[in-house]
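The listed protein sequences correspond, in order, to chains A and B. So for the first sequence, my numbering puts the first residue at 2; every next one is plus one. So for the second sequence, my numbering puts the first residue at 69; every next one is plus one. Idealized CB from N, CA, C, for every residue including glycine. Here the structure is a predicted model, which means the values were calculated and not measured. The structure appears below as structure tokens.
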Amino acid sequence: MPHDLNYYLATLAVYFLIYCVLTLGLNITFGMAGIFDFSYITFMAIGAYFAGVAVLPPSNVPGLQWILGLNLGFPIDLLIGALAAGVFGLLIGLVAIRRIRSDYLAMVLVAVWTITWSVTSTTIGLFNGQQGLIGVPQPFEAQLGVNPNDYVFVFIPIAAAALAILFAIAYCVERSPFGRALRATREDQDVAAAFGKRTVRLRLTAMVIGCVYAGVAGALTIEFLSAMSPNAWAIIETVIIFSALIVGGRGNVFGAVLGALLVRILIIEGTGLLPTLPDHPELIGATRNILIGLLVIVVLYFRPQGVIPERRRRYFESRKPAADPSSEVTKGG
Amino acid sequence: MAEPLLSVTDVVHAYGGVQAVNGCTFEVPEGVICGLIGPNGAGKTTLVDVVAGALHLQRGSVRYAGADVGGWPPDRLARAGLIRTFQLSREFRQLTVLENLLVAATGRIDESLVGALFRRRQIAVAERALVKEARGLLEIFGLDALRNDPAETLSGGQKRLLELARAVMAHPRLLLLDEPMAGINPALMGLLEAHIRRLNSEGITFLMVEHNLGVVDRMCEPVVVMAEGKALAVGSMADHRASDAVVTAYLGRGRPA
């Protein structure tokens, strides 16, 4: 295979792995706990920025400014990014989730994005304003001394390892009594409370887990691309992650992964291959959003639970009732 | 004399200017099936909501199991064994029938995130026991064949049964039933009645809002009559039928109740 194609596919693989982290996190916050976290992409950005300023040296050039500048390396920067996103999510949640429910909560979280985005893009001294952070060193870049064109092959195992851990956690959560309690609060908070659930604590935990996932995805993004700016986390990005999850199947870890594949790779990368028309530079972006919208409509119409719906778990029962003739009879009757 | 399991004293709850519950006082001794009857708008459901912590206690006091529980949130009351059902069935729609029961077993299985990640073996052991108990209950209520179906697919009557089975799974000490017989056919009514009697004989105390006076007559002693936000009278149905005040407020004249 020619090197260019290898490079392209490897880059796609990294985008896919990172996007899986995003959809898996939102699957816990929205898919399982039912929280309409319309500020989700904000926590990706927080993770990215904090990971960035953890790796970057202190800024000393006028017009190119950021806070901290800790000169740390991988993976501490990633942990700092995840922690920052989690703490920010906890603070937002403590105010919003404790006091507000469902629809209004979604509005408040949109406002959280708006405020964070405006402050970040207009405050130079925070994360270098509209231009954003650039030139963030990549993990092991200096130690390995690889050709920049081959670096993507170094990064795949890093992203894959992060995803493997986060997938395993999401998988355990989905199949645990904790996950079941989250789904119960999603269905009806009052009834869940009437059966002794600490619903605020459960929802807050789900929100923070999602934020940490988003933070990890953000940290991986800035580590891979070396840059992060407000253009990368417009509000539409949150909508697209929601779309991916709804298409793939909310409440199911495999649905989250499938959604990342369909939306991030098939549609977003697929439309990227369209020829650019000289007079219509916006065409690709518009096509992308139209296709995502169409996909959501089609899936909601024909398969409202998503392509891979939430698992209807059987507890301590054989998966294959056909193996047992007696249960075959009851099945028929 | 032992303190009653539940004492409601001068409880007040107003929605805006409407005094739904207006100085209501009565007691429920442990071990009884206490009926709560009264005309529509008498404040019965509001009272149940206040006792269960779903509505704020504006004035008065509620004592349960020897503690002043006025102002406790519903989840804390539930963990103390005070469980309620709802006037309209409110199942966890997309959870399976079996999961609806498992969720009710708060405190008997580790529901923390840390547990989900690091105590999976202990959880599996606890879960096996809970599933066994839940399936036993579903068997009794005739729902075991539907255990793996989403609760939203059940019929109205089956949802009523699920509502009661789920409440029992919570191991209640006091169970508040808000119109358990509403919209139920006579055969199912007999079945629910038998279940409630059996659970009562197993030690659960009931406070039951019910409009079907035949059911109340057969099952409940004492019976609290509410009217205009107050407990008008407490006694047996026979007492109430002999009382002018109760007959005027609720039972009506000229026909046998």
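Residue i burial status per 10 Å Cβ neighbour count (16 or more: buried)
| i | result |
| --- | --- |
| Arg100/A | exposed |
| Thr1/A | Residue 1/A lies beyond the residue range present for chain A, which begins at 2 and ends at 334; the question has no answer from this structure. |
| His81/B | buried |
| Thr153/B | buried |
| Gln226/B | buried |
| Phe186/B | exposed |
| Asn168/B | buried |
| His281/A | exposed |
| Glu311/A | buried |
| Thr117/A | buried |
| Asp78/B | exposed |
| Glu278/B | buried |
| Ser244/A | buried |
| Pro326/A | For Pro326/A, the predicted structure reports a pLDDT of 46, less than 50, and the residue's modelled location is therefore unreliable. A value from the coordinates is still provided. It is exposed - the Cβ of Pro326/A has fewer than 16 other Cβ atoms within 10 Å. |
| Arg187/A | buried |
| Ser157/B | buried |
| Val120/A | exposed |
Closer than 7 Å to chain A by CB, residue i
| i | result |
| --- | --- |
| Ala197/B | no |
| Asp143/B | yes |
| Ala146/B | yes |
| Ala233/B | no |
| Ala238/B | yes |
| Arg152/B | yes |
| Asn216/B | yes |
Limits of the unbroken alpha helix (DSSP H) element including residue i
| i | result |
| --- | --- |
| Ile135/A | Ile135/A -> no alpha helix (DSSP H), and no H or E assigned at all. |
| Asn90/B | Run containing Asn90/B: none in the alpha helix (DSSP H); it sits in the beta strand (DSSP E), Val86 to Val96. |
| Lys298/B | Careful: Lys298/B lies outside any alpha helix (DSSP H), inside the beta strand (DSSP E) at Lys298 to Gly303. |
| Ser103/A | Ser103 to Thr123 |
| Ser244/A | Ile236 to Gly249 |
| Val284/B | Leu281 to Met287 |
| Ala184/B | Leu181 to Phe186 |
| Asp117/B | Lys112 to Val119 |
| Ala161/A | Tyr152 to Glu175 |
| Ile151/B | Not the alpha helix (DSSP H): Ile151/B falls in the beta strand (DSSP E), residues Leu150 to Arg152. |
| Gln144/A | Glu142 to Leu145 |
Contact with chain B by residue i, beta-carbon distance below 7 Å
| i | result |
| --- | --- |
| Cys212/A | no |
| Ser328/A | Bear in mind that a pLDDT of 41 at Ser328/A, under 50, signals an unreliable position, so the number given afterwards is only what the model happens to contain. It does not: the Cβ of Ser328/A has no partner Cβ on chain B nearer than 7 Å. |
| Gly260/A | no |
| Thr186/A | no |
| Gly197/A | yes |
| Arg313/A | yes |
| Val192/A | yes |
| Arg181/A | yes |
| Ser177/A | yes |
| Val174/A | yes |
| Phe317/A | yes |
| Ile38/A | The residue asked about is misnamed: residue 38/A is Asp in this sequence, not Ile. Closer than 7 Å: no. |
| Thr206/A | yes |
| Asp5/A | no |
| Asp280/A | no |
Endpoints, the beta strand (DSSP E) within which residue i is located
| i | result |
| --- | --- |
| Asp330/B | Nothing can be reported for residue 330/B, as the shown portion of chain B is limited to 69 through 325. |
| Thr273/B | Thr273 to Val277 |
| Gly17/B | No information on residue 17/B is available, as it lies outside the stretch 69 to 325 that chain B covers here. |
| Ser311/B | Here Ser311/B belongs to no beta strand (DSSP E), and DSSP marks it neither H nor E. |
| Arg127/B | Arg127 to Tyr132 |
| Asp143/B | Segment Pro142 to Arg147 is the alpha helix (DSSP H) holding Asp143/B; no beta strand (DSSP E) there. |
| Met229/A | Met229/A -> no beta strand (DSSP E), and no H or E assigned at all. |
| Ala295/B | Val291 to Ala295 |
| Leu244/B | Leu242 to Asp246 |
- Anything in the stretch 157 to 185 of chain B with a Cβ closer than 7 Å to a Cβ of chain A? List those residues in chain order, please. Arg158, Phe160, Arg161, Gln162, Leu163, Thr164, Leu166, Glu167, Leu170, Val171, Ala172, Thr174, Gly175, Ile177, Asp178, Glu179, Ser180, Leu181, Gly183, Ala184 and Leu185
- Cβ contact check for the stretch 206 to 224 of chain B and the stretch 82 to 101 of chain B: 3 or more pairs under 8 Å: no
- the stretch 107 to 121 of chain B contacting the stretch 177 to 184 of chain A, beta-carbon criterion three pairs below 8 Å: no
- Task: Decide yes or no for the touch test of the stretch 267 to 278 of chain B against the stretch 138 to 147 of chain B: beta carbon pairs closer than 8 Å, at least 3 of them.
- Result: no
- Message: Within 8 Å, do at least three Cβ pairs link the stretch 57 to 68 of chain A to the stretch 207 to 219 of chain A?
- Response: no
- Output, in sequence order along the chain, the residues in the stretch 89 to 112 of chain B whose CB is closer than 8 Å to any CB in chain A. none
- Given 8 Å, three or more beta-carbon pairs between the stretch 197 to 212 of chain B and the stretch 156 to 172 of chain B: yes
- Message: By the 9 Å beta-carbon criterion, what residues does the stretch 127 to 143 of chain B contribute toward chain A?
- Response: Pro141, Pro142 and Asp143
- Message: Under 8 Å, with one C-beta from each stretch per pair, do the stretch 12 to 31 of chain A and the stretch 250 to 270 of chain A reach the 3-pair mark?
- Response: yes
- Query: Should the stretch 284 to 301 of chain A be called in touch with the stretch 189 to 204 of chain B, which here means at least 3 C-beta pairs below 8 Å?
  - Reply: no
- Message: Could you check whether the stretch 210 to 229 of chain A touches the stretch 38 to 56 of chain A, counting it as contact only if at least three pairs of C-beta atoms, one from each stretch, sit closer than 8 Å?
- Response: yes
- Counting pairs of Cβ atoms below 8 Å between the stretch 85 to 100 of chain A and the stretch 152 to 170 of chain A, do you hit three or more? no
- Message: Closer than 9 Å between beta carbons: that is the criterion. Which residues of the stretch 27 to 55 of chain A meet it against chain B?
- Response: none
- Query: Is the stretch 193 to 201 of chain B close to the stretch 278 to 293 of chain B, with three or more CB pairs under 8 Å?
  - Reply: no
- Between the stretch 242 to 257 of chain A and the stretch 65 to 82 of chain A, are three or more C-beta pairs nearer than 8 Å? no
- Touching or not, the stretch 236 to 251 of chain B and the stretch 114 to 131 of chain B, by the rule of three or more beta carbon pairs under 8 Å? yes
- Message: Count Cβ pairs between the stretch 112 to 127 of chain A and the stretch 25 to 45 of chain A that sit closer than 8 Å; are there 3 or more?
- Response: yes
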